[in-house]
Each structure stands twice: as structure tokens, then as C-alpha cells.
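*Asks:* Have a look at this one before I ask anything.
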Amino acid sequence: MEGSLTGKELEILKNISTESAKKLSKVFSTLLGKNARMHFKEADVYPTDRVSSRFEGEYLCLKYNINDINKTGLYVVAKETALALSSVLLNKSQNSSAHELSPKDVEVCSQAFRKILEAESAIFAQMINKRFTFQLQDSKTEAPFKVLKEASAGVDEWIVCEYRLGIEGFSEGAVYGVYPKAFGQAVLEAAAGKISSKGEKINGWNPDSLKKGKTGGSMGDISLLLDTPLSLTVELGRAKMNLKDIMQLGIGSIVELDRMAGETVDIKVNNKLLAKGEVVVIDENFGIRIVSIAKPNERV
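Every position in the sequence shown, counted from 1, becomes a number in the numbering used here once 83 is added.
Following this line, the structure appears as C-alpha cells:
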């Protein structure tokens with residue numbers, strides 16, 4: 084097909100995917116609080132009318148926008164893999180084959196893959212000096228061909244990368260990265276700025292260096308998440324009032340909250356419970372002294 088990727092170009096993308104998967108292993112381990120390993124298996128290019136034939140079985144499809152090229156990418160996660168993820172995040176039984184994906188399962192998997200997309204952005208910035216921005220749009224337990232059909236406008240070919248994700252205590256499962264060819268070309272264009280026409284190393288990067296990546300993790304892998312901006316809030320308490328009482332509020336009115344004086348307050352990050360603490364005064368400002376950290380099943 085005219086304009087399709089060459090074998091050499093696909094090989095470069097495979098090398099980048101291999102290194103990216105190694106780094107994402109540490110990100111998954113950090114998110115889950117368990118040992119996790121993600122490794123790249125294979126990649127190929129499919130015309131739009133045949134890409135859906137690549138998938139058989141039940142999947143969770145996570146659709147996201149690649150803002151830099153205004154195209155859509157997908158993570159297609161095998162149902163068993165998604166159930167394993169949600170079981171860990173929700174602190175459920177490891178017998179994930181006993182039920183289907185619930186709306187709560189989909190929600191926590193979506194939250195996890197938002198972090199994965201943020202980490203991927205940082206990985207590309209490290210490897211090819213290009214920071215792509217990804218924005219999760221939708222998550223559905225649908226057949227991939229339906230989601231791909233919606234996302235295929237203006238796309239003639241898709242690159243499908245198969246990864247395997249293993250989580251401590253669970254069987255290894257499939258995760259697919261599905262990208263429009265235009266994204267692969269954008270990655271290659273950015274990578275070309277670090278490779279000479281003879282394939283010599285420039286500015287510390289070339290395809291061969293990706294094959295020599297360390298198998299072990301380091302703080303450098305975890306640091307991919309450290310620059311992610313998060314919103315931290317402290318909830319003192321809540322109150323329910325009828326409309327009549329709200330209309331009568333004025334300067335000097337007192338609203339009684341559902342929390343006793345001296346009781347610990349909730350510390351939330353991105354509206355998810357992180358810890359509990361006590362209110363303190365530091366100079367002229369209020370502060371919070373953390374007294375306990377929320378368990379994983381309390382954070383969702």
C-alpha cells in the first residue's frame with residue numbers, strides 16, 4: 084500500500100515499544116502496589132478494513148485523543164487482564180474469571196490508564212525529545228471493531244502493538260496499543276532528529292540503544308509520574324440543608340458539618356482519598372498533619 088511503513092521503520096517502532104514497555108512495568112508496579120511486568124511481543128500494520136480481524140474475544144477498549152496530530156489511539160485490553168487490574172485496585176478476590184467487567188471495574192481501569200498515558204508522554208520526551216499529549220476520551224466494554232469504526236475517519240492504516248502484562252498473583256494477559264499510521268510517522272520523524280543518515284548515535288540515542296535497556300527498574304522509571312500535576316484538597320466535612328435554610332444563609336450564619344471537632348479530616352488527591360490527618364496551624368496558615376494512609380480499596 085502506498086505510503087505504508089517500511090520494514091526498517093517498523094523495526095524502529097518495535098524497538099521504541101520494547102523500551103517503553105520496560106519503563107511502563109515500573110509505572111504499573113507503582114500504581115498497583117504489586118510486582119508487574121509489561122513486555123512487548125509483536126507489532127504489525129493493518130489496513131483499516133482489516134484491523135478489527137486482529138482481535139478475538141472480549142475486551143475493554145480505552146479510546147484517547149493524540150492531541151498533537153488530532154487523531155485517535157486505543158488501548159485494547161483483554162477482559163481477563165482488565166479484571167486482574169481492577170481486582171488489585173479494588174482489593175478484590177483474585178478469582179477474576181468468575182464475573183464480567185462492572186462499571187466500577189471500567190472506572191478504575193480508566194483511572195489507571197490515564198496515568199499510563201501520562202507516563203507514555205514522559206517516555207517519548209525522554210527517548211525522542213518529543214512530548215506527545217494524550218487525553219483519555221472513553222472506555223467501553225465493546226467489540227473493538229465498533230470502536231475502531233468510530234475512530235477510523237481519515238485513517239488508512241493502523242499500527243497494532245501487542246504487549247503482555249503480568250501482575251503478581253495473576254496470569255499474564257494481553258494489552259494492545261492501536262495507533263493510526265500518522266502517529267507512527269510522527270514518532271519516526273521525531274526520532275530521526277536523533278539519528279544520522281548513517282544510523283550513527285546522535286545526542287545519546289539510536290535504535291540499537293533501545294535493545295540494551297536495563298531489565299530492572301529504577302527511580303528513573305518511577306520519576307515518569309513525578310511531574311504530573313495533581314489537585315490536593317482537604318475535606319473538613321459535609322452538610323445537607325433544604326432550600327429554605329440555604330436561602331436564609333447570610334453573613335454570620337453557621338453551618339454545622341457532619342464531622343465532630345477533633346475528628347480527622349480527609350486528604351484527597353484528584354478527588355480520591357489518600358490519607359487522613361489533623362488540622363494544625365503553621366505560622367498564620369492552616370496545615371494538615373497526616374496520621375494515616377488510606378488502604379488501596381479506600382482510594383477509589
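Think of the CB as a built atom: it goes at the ideal place given N, C-alpha and C, for glycine as much as any other residue.
With 16 as the cutoff for other CB atoms within 10 Å, does G260 come out buried or exposed?
*Replies:* As a position in the sequence shown, residue 260 is number 177, starting the count at 1. Buried, by the Cβ-count rule.
*Asks:* Could you give the first and the last residue of the continuous alpha helix (DSSP H) run that contains L200?
*Replies:* The residue you call residue 200 lines up with position 117 of the sequence shown. P186 to I211 is the span of the alpha helix (DSSP H), which, as asked, contains L200.
*Asks:* Tell me which residues share the same chain as L313 and place their Cβ nearer than 6 angstroms to its Cβ, disregarding the 5 neighbours each side in the sequence.
*Replies:* Stepping through the sequence shown from its first residue, residue 313 is reached at position 230. For L313, where only same-chain residues beyond five positions count, the Cβ hits under 6 angstroms are V352 and N353.
*Asks:* Would you identify the three-state DSSP class for F215, choosing helix, strand or coil?
*Replies:* Counting from 1 along the sequence shown, the entry for residue 215 is found at position 132. DSSP places F215 in coil when its eight states are reduced to three.
*Asks:* By alpha-carbon positions, which one of N368, V348, S375 and L248 ends up nearest to K109?
*Replies:* On the sequence shown, position 26 is the one that residue 109 refers to. Out of N368, V348, S375 and L248, L248 has the C-alpha closest to the C-alpha of K109.
*Asks:* Are there three or more Cβ pairs, one per stretch, closer than 8 angstroms when the stretch 144-156 is compared with the stretch 226-245?
*Replies:* These segments touch.
*Asks:* Can you tell which of E141, N150, I149 and Y147 has its C-alpha closest to the C-alpha of A165?
*Replies:* Taking the first residue of the sequence shown as 1, we reach residue 165 at position 82. It is E141.
*Asks:* Can you name, in chain order, every residue of its own chain whose Cβ lies under 7 angstroms from the Cβ of R137, other than the five neighbours on each side?
*Replies:* As a first step, residue 137 is located in the sequence shown; it is residue number 54 there, counting from the start. Y129 and V243.
*Asks:* By Cβ distance below 6 angstroms, which residues in the same chain neighbour S235 in space, the five residues on each side in sequence not counted?
*Replies:* The sequence position of residue 235 within the sequence shown is 152, counting from 1. Cβ within range, chain order: T131.
*Asks:* Can you tell which of K355, A377, M343 and K378 has the C-alpha that lies nearest to the C-alpha of V362?
*Replies:* Taking the first residue of the sequence shown as 1, we reach residue 362 at position 279. Ranking the options by Cα distance to V362, first place goes to M343.
*Asks:* Below 8 angstroms on the Cβ atoms is my guess for T224 versus V258; work out the distance and round it to an integer in Å.
*Replies:* Locating residue 224 in the sequence shown gives position 141, counting from the first residue. Locating residue 258 in the sequence shown gives position 175, counting from the first residue. Not quite, the Cβ-Cβ distance comes to about 15 angstroms (not below 8 angstroms), so this is no contact.
*Asks:* What are the boundary residues of the alpha helix (DSSP H) that E94 is part of?
*Replies:* Here residue 94 refers to the residue found at position 11 of the sequence shown. It spans G90 to L115 - the alpha helix (DSSP H) in which E94 sits, taken as one unbroken run.
*Asks:* Would V238 pass as a contact of C192 if the rule is Cβ separation under 8 angstroms?
*Replies:* Numbered from 1 along the sequence shown, position 155 holds the residue referred to as residue 238. Numbered from 1 along the sequence shown, position 109 holds the residue referred to as residue 192. It is not a contact, given that the beta carbons lie outside the stated cut-off.
*Asks:* Using only CA atoms, which one of L219, D221, Q220 and S204 lies nearest to K213?
*Replies:* Taking the first residue of the sequence shown as 1, we reach residue 213 at position 130. It is S204.
*Asks:* Would S100 pass as a contact of A126 if the rule is Cβ separation under 8 angstroms?
*Replies:* Within the sequence shown, numbered from 1, the residue matching residue 100 stands at position 17. Within the sequence shown, numbered from 1, the residue matching residue 126 stands at position 43. Cβ atoms of S100 and A126: closer than 8 angstroms.
*Asks:* If I follow the unbroken beta strand (DSSP E) through P263, where does it start and stop?
*Replies:* Position 180 of the sequence shown, counted from the start, is the residue given in the question as residue 263. Residues G256 to P263.
*Asks:* Buried or exposed for V364, please, with buried defined as at least 16 other CB atoms from any protein chain shown within 10 angstroms of its CB.
*Replies:* Residue mapping note: residue 364 aligns to position 281 of the sequence shown, counting from 1. Result: exposed.
*Asks:* Could you round the C-beta distance between L184 and K162 to whole angstroms and report it? I think they count as a contact, below 8 angstroms.
*Replies:* For this step, residue 184 is matched to residue 101 along the sequence shown. For this step, residue 162 is matched to residue 79 along the sequence shown. Indeed they touch by this definition, with Cβ atoms about 6 angstroms apart.
*Asks:* Do you know how far the Cα of I329 is from the Cα of D349?
*Replies:* Position 266 of the sequence shown holds residue 349. Position 246 of the sequence shown holds residue 329. The alpha-carbon atoms of D349 and I329 are separated by roughly 25 angstroms.
*Asks:* Quick one: residues in its chain with C-beta nearer than 7 angstroms to the C-beta of K146, no 5 flanking neighbours on either side, listed in chain order?
*Replies:* Stepping through the sequence shown from its first residue, residue 146 is reached at position 63. Closer than 7 angstroms at Cβ, skipping near neighbours: T155, L157, Q220, D221, V230 and A234.
*Asks:* Under 8 angstroms, do F123 and K97 count as touching if we go by C-beta distance?
*Replies:* Looking up residue 123 in the sequence shown gives position 40. Looking up residue 97 in the sequence shown gives position 14. Cβ distance < 8 angstroms, so F123 and K97 count as in contact.
*Asks:* Beta carbon of F266, beta carbon of A167: below 8 angstroms?
*Replies:* Within the sequence shown, residue 266 is the residue found at index 183, counting from 1. Within the sequence shown, residue 167 is the residue found at index 84, counting from 1. No, the Cβ-Cβ distance between F266 and A167 is not below 8 angstroms.
*Asks:* Which same chain residues, not among the five before or five after S103, have their C-beta less than 6 angstroms away from its C-beta?
*Replies:* To locate residue 103, count along the sequence shown from 1; it is residue 20. I206.
*Asks:* Check Q220 in the structure and name its three-state DSSP category.
*Replies:* Looking up residue 220 in the sequence shown gives position 137. Looking at Q220 - three-state DSSP - the assignment turns out to be strand.
*Asks:* Using beta-carbon positions only, say whether L340 and A358 come within less than 8 angstroms of one another.
*Replies:* Here residue 340 is taken as the residue at index 257 of the sequence shown, counted from 1. Here residue 358 is taken as the residue at index 275 of the sequence shown, counted from 1. Cβ atoms of L340 and A358: not closer than 8 angstroms.
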